[in-house]
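Residue numbers (the numbering used here): 7 to 275.
Glycine residues also receive a C-beta, built at the ideal position from the N, C-alpha and C atoms.
So the structure is just underneath, and the comments pick up after that.
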Amino acid sequence: MHGQLTLSKYSNFPHVVLCPPAYLETGDYNVIALDWSQLCPSPWYQVAVTNSVDAGKYLGSFIDLLVGRKMTRLQDVHIIGHSLGAHVAGIAGASVQSGKVGRVTGLDPAYPLFSKRTVKERLDASDATLVDTIHTCGKFLGIFEPQGHIDFYPNRGLSAQPGCGVDMFGVCSHSRAHEFFTESIRKKYMFVATRCHTIEEMMDKHCTGSKGRMGEDISDILSCKRQERLAVILNVRALIFPSVLCPRAVTNMDAVVEQADARYSSDFR
7 MHGQLTLSKY SNFPHVVLCP PAYLETGDYN VIALDWSQLC PSPWYQVAVT
57 NSVDAGKYLG SFIDLLVGRK MTRLQDVHII GHSLGAHVAG IAGASVQSGK
107 VGRVTGLDPA YPLFSKRTVK ERLDASDATL VDTIHTCGKF LGIFEPQGHI
157 DFYPNRGLSA QPGCGVDMFG VCSHSRAHEF FTESIRKKYM FVATRCHTIE
207 EMMDKHCTGS KGRMGEDISD ILSCKRQERL AVILNVRALI FPSVLCPRAV
257 TNMDAVVEQA DARYSSDFR
């Protein structure tokens, strides 16, 4: 799902345009792109924030329809959203009546006007069996605080991200989240990060935990027998996007998520 900083035509939605081809190039997926641009008109941000709830509920109803007609299984549903779209994704997951969807991924979830909203009105760890987020413009356009079971903080999760210059308005850094995720679909083993026990460790780059990957393939994390809320530091250059996970062997995702509560961070240049 796109956010408001994208343009109103489908072909100009960076996240919507980049992710589906990446999936279709690498596997046998059914990809549905949601265009909710009429509900998030620019520059009326507050209107878009309010309408994000309706957009999420409609998507949740659509997922129930697909499941009811046996066109998909809940555990196979992965909802991905950027910025405002990250909250739409979370609300959609929470709105599904037939059970819990398998995964929701929030790509730099929007920050303005969301800090005081209830968990029913924004992305939250309760929205899916597994909720992971990538923070790239925290404390500005994106939320800095952990929102999911697993939170990644590339380059400390703040603006300006490497390659973005001064990035006065944060748009470039905000977009890095969906660029990182799209790249991870094609290159699953590039984005290695280190687990941190606290946000302070992450900010100081003093993390010494286990290694893992950020992005589409988080099998390292899902194989963990036990997760704590952590932060992860990634060391990357240019458009290389690392991430962190923790290797262990568990086949029951519910059992993993019950104990999962992790923060992650990365450094990309």
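Cβ of residue i within 8 Å of Cβ of residue j?
i	j	result
G176	F150	no
D133	H155	no
G112	A95	yes
F197	R182	no
L136	G108	yes
G221	H180	no
If you draw a straight line from the alpha carbon of residue i to that of residue j, how long is it in whole angstroms?
i	j	result
T32	V59	32 Å
R235	G74	Summary for R235: the model assigns pLDDT 40, below 50, so the residue's position carries little reliability; its value from the coordinates is reported in the next sentence. Going by the C-alpha atoms only, they are around 35 Å apart.
L78	V172	Reading the sequence as shown, one finds Thr at residue 78 and not Leu. Distance between the alpha carbons of T78 and V172: 44 Å.
L80	G91	20 Å
K193	D34	16 Å
M7	V110	11 Å
P118	A100	21 Å
A39	K211	37 Å
S216	L45	42 Å
S89	A98	15 Å
Q103	P26	26 Å
W50	N57	11 Å
S178	C170	The question names Ser, yet the displayed sequence has Cys at residue 178. Looking at the two C-alpha atoms, the distance is approximately 6 Å.
A116	H84	19 Å
Q153	T200	19 Å
M333	P168	There is no way to answer for residue 333, as the model of the chain reaches only from 7 to 275.
I69	A54	22 Å
If I measure Cβ to Cβ from residue i and keep anything under 7 Å in the same chain, skipping five residues before and after, which residues do I get?
i	result
G3	With the chain running from 7 to 275 in the structure shown, residue 3 is simply not present.
Y29	Y35, V37 and I191
G105	L80
L72	T78
M209	R162
A61	W42, L45 and V94
Could you give the DSSP three-state label for residue i: helix, strand or coil?
i	result
A166	coil
V102	coil
T111	strand
L65	helix
I239	Only weak support is given to the placement of I239: the predicted model assigns it a pLDDT of 46, under 50, and the question is left unresolved by the model.
D130	coil
R219	strand
C178	helix
G96	helix
C213	coil
V83	coil
G144	strand
L119	coil
V172	coil
T200	strand
V137	strand
I224	coil
D60	helix
Tell me which same chain residues have a C-beta within less than 6 Å of the C-beta of residue i, skipping the five on either side of it?
i	result
D223	K194
C120	At residue 120 the sequence reads Phe, which differs from the Cys that was named. Within the same chain, F120 has close Cβ partners R128.
Original post:
Touch check for the region 188-203 and the region 126-133: three-plus C-beta pairs under 8 Å?
Top reply: Result no; under three Cβ-Cβ pairs closer than 8 Å.
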